[in-house]
Amino acid sequence: MKNLFFKNFYEFSDLKYKQFIEKLIPNIDKGKILGIKAKYIDNFAKSLILNDEQQMLLFLNSLPHYYLEENLLHIKLLSLFDDYQILIKYIDNFLPYIDNWMVCDSLIPKIFNKNKNKLFFEIDKWIKLNQTYSIRYALIVALKFLLNNNIFDEKIISLFLTIKNNDYYVKIAIAWFFSEAIIKQYSVSIKYLENKIFDKWIQNKIISKCCDSKRLTDDTKKYLKSLRINNEN
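Mapped onto this note's numbering, the consecutive letters of the sequence shown carry residue numbers 2 to 234.
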């Protein structure tokens, strides 16, 4: 599989793009970043899934990968799956090997839109793995698919309140999720800020993200700012 990868990928390595990506993902070894732009990865994924299913399956089952771009190819292939149960199986296999936010946040399969009622079970399962990027992925999926009026259930918020992981990439995802919950489900979500159930960093980050949004009124932002936790609280 490495020969296939290098034959189709390595020639598209771009030094300036590599240096750009290195700054975005400082927590992984720079030697694992080739600097290949998304359009080349997308094209290769589409070619594999259409023309070489055997090689595609071999690649998906060859874990762990070494390069960032291999992981990005992996999630692009998964995003093209049209069978929900098979997709979940492959996601479960892949989650333990995710080591950065870019790979984690990019795995947003369109088929989830047709299976929103099944996602709570998966999200609960991923949180219980108690791994940084499995938890973050659970938050990202909920944020993308479960905060709209036609599917929202407050139990998803209650589930996320059980998270006891202090990794930065988890905490920032919690803040991102709850800021979107405030914006999209204000009447249900505001009580969690009012009761100050979050630690200072998450509480204030939620409020900061809300105040950066153009989807809330100035009066709402003013009220949210009054809920900040300062050193005297």
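Each residue gets a CB set at the ideal place from its N, CA and C atoms; glycine is no exception. Every value quoted in this text rests on a predicted model; they were computed, and no experiment measured them.
In this structure, the CA atom of residue 89 is about 13 Å from the CA atom of residue 111. Exclusion of the five residues before and after residue 57 leaves 49, 50, 78 as the residues of its chain whose Cβ lies within less than 8 Å of its Cβ. A residue is called buried when at least 16 other Cβ atoms come within 10 angstroms of its Cβ; residue 63 does not meet this threshold and is exposed. Burial check for residue 83: the Cβ neighbour count within 10 Å stays below 16, so the residue is exposed. Residue 101 is classed as buried because its beta carbon has at least 16 other beta carbons within 10 Å across all chains shown.
The Cβ-Cβ distance between residue 42 and residue 12 does not fall below 8 Å. Pairing residue 40 with residue 195, the inter-Cα distance amounts to about 44 Å. For residue 160, the enclosing alpha helix (DSSP H) has its first and last residue at 156-161.
With a 10 Å radius around the Cβ and a threshold of 16 neighbouring Cβ atoms, residue 187 comes out exposed. Residue range 39-52 is occupied by the alpha helix (DSSP H) that includes residue 52. If you look at residue 66, you'll find it isn't in any alpha helix (DSSP H); DSSP assigns it neither H nor E. Put simply, the stretch 172-188 does not touch the stretch 108-122. Fewer than three CB pairs are less than 8 Å apart.
In this structure, DSSP gives residue 199 a state outside helix and strand, which the three-state scheme calls coil.
From the listed residues 121, 116, 139, 159, the smallest Cα separation to residue 198 is found for 159. Minimum Cα-Cα distance from residue 117 among the listed residues 157, 60, 146, 203 corresponds to 146. Taken through DSSP and simplified to helix, strand or coil, residue 32 comes out as helix. In the three-state reduction of the DSSP assignment, residue 152 falls in the coil class. No Cβ-Cβ contact shorter than 8 Å links residue 35 with residue 60. Of all alpha-carbon atoms in 210, 141, 127, the one lying nearest the alpha-carbon of residue 94 is that of 127. Taken through DSSP and simplified to helix, strand or coil, residue 97 comes out as helix.
Judged by beta-carbon spacing, residue 148 lies beyond the 8 Å limit of residue 201, meaning their Cβ atoms are not closer than that value.
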